[in-house]
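J.: Residue numbers (our numbering): 7 to 605.
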């Protein structure tokens with residue numbers, strides 16, 4: 007097909023504004039699926055996506071559509087996630103497009119991720135078409151939402167479309183608008199092959215499968231391809247597109263989006279952002295690719311059974327292929343054995359990764375409390391980057407500590423302003439601005455420490471506003487803060503998996519709650535177990551799990567008290583010896599307890 011009849015576009019929106027449902031209706035209008043194959047959230051094919059009702063992975067689908075002018079067009083649609091933790095997926099998908107549908111809920115209006123995603127699209131120099139969804143709801147107010155789009159985002163709504171993704175109202179008109187407004191892809195079919203690798207995944211039968219957007223030239227089944235970044239050369243075994251199920255094709259030309267299976271065995275050969283070319287006739291220079299993603303939250307990931315460690319290593323490698331924002335490196339813990347220090351973009355990203363590892367690779371995992379990267383300057387002027395409390399230096403050797411801070415944008419209603427301000431102040435936030443918009447909408451901008459946000463901020467924000475708040479953030483930099491390392495000691499031995507880096511003002515309260523929680527979760531042994539929360543050598547909280555005791559005096563009837571006392575002293579000496587050599591068995595729930603504590 008000629009490039010002038012191709013339209014590549016993405017759907018971007020805030021969570022729950024109807025991206026996936028709109029994608030379903032577009033599939034219906036283009037008759038891409040039969041009645042037997044139809045189901046809700048068709049493009050969300052992971053169990054975790056369908057259960058949670060969110061999109062985690064971007065999905066592409068190639069559709070043929072006959073327009074009113076009689077011509078047949080090829081529409082390459084990419085459905086993207088809405089949550090802030092998956093913004094890297096959104097940015098990669100946008101790089102393969104010329105246009106973006108900005109879907110806004112006509113009842114809820116502009117939210118935080120609406121703004122973040124539209125600026126991402128503007129940075130990619132895409133044509134943006136506003137789409138007002140859910141116009142059939144009784145509470146919908148399309149005119150006010152159009153004013154919000156122009157007021158908050160600064161985007162013209164002259165060509166906006168009113169649709170209902172649930173009923174299909176306005177979707178045929180939307181497709182006509184897409185053909186009219188979005189530009190056709192530019193490229194030269196006579197130039198050497200140049201294609202952008204923007205996604206990849208592992209298939210048990212085909213090895214590494216890659217998804218590409220052809221910029222120049224064409225690619226055919228059977229030819230050789232070269233990865234410019236790694237230099238690897240492979241033969242194209244299969245070539246195809248999703249419509250929405252995989253369909254093999256003989257050739258992909260300029261502007262087309264499709265997948266390539268080339269018998270790639272090494273997952274390191276296919277790097278997201280790489281340029282693919284023809285080894286015999288290479289292109290002059292590679293494409294820009296993507297900015298290296300920087301993890302913001304770190305945690306330890308361990309298997310319940312130590313024998314599963316090699317399986318975890320292999321599973322993380324395969325998952326990283328499908329999720330370029332995940333990073334990991336080996337680490338060891340005295341309490342949990344061998345594992346990996348994993349980097350994520352946020353707490354939801356961490357949950358999804360753990361859930362996918364457990365479901366897709368049948369692993370039983372233990373995750374340590376999440377932490378962020380701190381910059382520690384020692385008295386020797388040496389600067390360290392610490393993402394693991396186990397490597398936090400001794401208090402006496404530290405000059406100062408810097409923690410990452412973010413600029414958080416909160417969109418909510420006026421009635422919840424007091425609750426939101428209270429939460430932000432509690433999380434050591436500094437207010438930057440407060441703006442009132444049309445209707446009863448407000449936008450609040452706060453500077454917040456990242457480590458205060460990653461634990462429970464989002465959940466508490468939703469609770470405080472009855473769900474009527476949205477939150478988006480971007481990393482601003484580092485600032486000095488009074489942070490210390492809090493250790494949890496069991497019978498004098500530090501438990502590295504439960505060490506945390508925390509603000510000095512909260513250390514006593516947190517240490518006390520953690521010690522009490524451990525007392526509830528650790529089973530009683532044959533000896534006393536001392537649980538201590540300590541900062542360096544200073545113990546700030548302590549509790550004891552009492553020993554199980556046998557009544558050794560039960561067989562004594564009357565007689566001299568010294569006989570009973572002798573038996574009790576003998577038991578006491580035995581308990582003391584046991585405590586010295588006995589090991590404390592700590593259940594897995596204890597390692598997750600730190601996550602549940604309200605800081």
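Each residue gets a CB set at the ideal place from its N, CA and C atoms; glycine is no exception.
Nothing here was measured: the structure is a model prediction, and the numbers come from that model.
1. Under the rule that 16 or more other beta-carbon atoms within 10 Å means buried, what is residue 406, buried or exposed?
2. Can you check whether the CB of residue 216 is closer than 8 Å to the CB of residue 5?
3. Let's test the definition: count the other Cβ atoms within 10 Å of the Cβ of residue 78 and tell me whether it reaches 16, buried, or not, exposed.
4. Report the start-end ranges of each beta strand (DSSP E) in the region 260 to 327 that is 3 residues or longer and not cut off at the edges.
5. Suppose you measure from the CA of residue 139 to the CA of residue 28; what does that come to, to the nearest Å?
6. Return the chain-ordered ranges of every alpha helix (DSSP H) run that is complete within the region 410 to 442 and spans a minimum of 4 residues.
7. From the DSSP output, in three-state form, read off residue 127 for me.
8. Please confirm if the region 221 to 241 is in contact with the region 185 to 203, defined as three or more CB-CB distances below 8 Å between the two stretches.
9. Taking the alpha-carbon of residue 447 as reference, which of 432, 100 and 116 has the nearest alpha-carbon?
10. Measure from the alpha carbon of residue 525 to the alpha carbon of each residue in 551, 543, 127 and 544, then state which is nearest.
11. Terminal residues of the continuous alpha helix (DSSP H) containing residue 35?
12. For the beta strand (DSSP E) that residue 355 lies in, which residues bound it at each end?
13. For the region 478 to 485 and the region 314 to 327, state whether three or more C-beta atom pairs, one from each stretch, are separated by less than 8 Å.
14. Return yes when the C-beta of residue 156 is under 7 Å from any heavy atom of the ligand SAH, and no when it is not.
15. Give the DSSP-derived three-state secondary structure of residue 466 in the structure shown.
16. Considering only residues of the same chain and omitting the five flanking positions on each side of residue 236, which have a CB-CB separation below 6 Å?
17. Just checking my contact of residue 113 with residue 84 at CB under 8 Å: how many whole Å lie between their CB atoms?
18. Classify residue 250 as helix, strand or coil using the three-state DSSP reduction.
19. Helix, strand or coil for residue 119? Go by DSSP, reduced to three states.
20. Less than 8 Å between CB atoms is the rule here; does residue 207 satisfy it with respect to chain B?
21. Three Cβ pairs or more, each shorter than 8 Å: is that satisfied between the region 121 to 128 and the region 94 to 110?
22. Going straight from the alpha carbon of residue 147 to that of residue 442, what length do you get?
23. Which parts of the region 459 to 517 are runs of the alpha helix (DSSP H), unbroken and 4 residues or longer, counting only runs that do not cross its ends?
24. In whole angstroms, what separates the C-alpha of residue 605 from that of residue 228?
25. Please name the residue or residues paired with residue 391 in a DSSP beta bridge.
26. Indicate whether residue 151 and residue 170 have their beta-carbon atoms separated by less than 8 Å.
27. Start and end of the beta strand (DSSP E) containing residue 149?
28. My guess is that residue 414 and residue 452 are in contact by the Cβ rule of under 8 Å, so how many angstroms apart are they, rounded?
29. Determine the direct distance from the alpha carbon of residue 467 to that of residue 23, and round the result to whole angstroms.
30. Given residue 379, which residues of its chain have a CB within under 6 Å of its CB, disregarding the five upstream and five downstream residues?
31. By the three-class DSSP mapping on this structure, what secondary structure does residue 11 have?
32. Could you tell me the distance, in whole angstroms, from the CA atom of residue 246 to the CA atom of residue 279?
33. Could you name the residues of the same chain whose beta carbon sits closer than 6 Å to that of residue 178, not counting the 5 residues immediately before and after it, in chain order?
34. Count the other CB atoms within 10 Å of the CB of residue 160; is the residue buried (16 or more) or exposed (fewer)?
35. Span of the alpha helix (DSSP H) holding residue 177?
T.: Here's the rundown:
1. exposed
2. Beyond the ends of the chain as shown, which are 7 and 605, falls residue 5; an answer cannot be given.
3. exposed
4. Taking only runs of at least 3 residues, the beta strand (DSSP E) segments lying wholly in the region 260 to 327 are 263 to 270, 281 to 283 and 303 to 309.
5. In a straight line, the C-alpha of residue 139 is about 8 Å away from that of residue 28.
6. 423 to 432
7. helix
8. yes
9. 116
10. Looking from the CA of residue 525, the closest CA among 551, 543, 127 and 544 belongs to 551.
11. 25 to 35
12. Unbroken run through residue 355 is the alpha helix (DSSP H), 353 to 367; no beta strand (DSSP E).
13. no
14. Absence of the ligand SAH from the depicted structure is noted, as is the absence of any ligand whatsoever, leaving it without description.
15. The three-state reading of DSSP puts residue 466 in helix, counting H, G and I together.
16. 275
17. Not a contact, Cβ separation roughly 26 Å.
18. coil
19. helix
20. No chain B appears in the structure shown, which is made up of a single protein chain.
21. yes
22. Answer to the nearest angstrom: the Cα atoms are 18 Å apart.
23. As far as the region 459 to 517 is concerned, it has no whole alpha helix (DSSP H) run of at least 4 residues.
24. In this prediction, residue 605 has a pLDDT of 41, which is less than 50 and means its spatial position is unreliable; what the coordinates show is noted afterwards. C-alpha separation (whole angstroms): 59 Å.
25. 381
26. no
27. Where residue 149 is concerned, there is no enclosing beta strand (DSSP E), although the alpha helix (DSSP H) it sits in stretches over 148 to 154.
28. 5 Å
29. 19 Å
30. 391 and 393
31. helix
32. 20 Å
33. 35
34. exposed
35. 177 to 187
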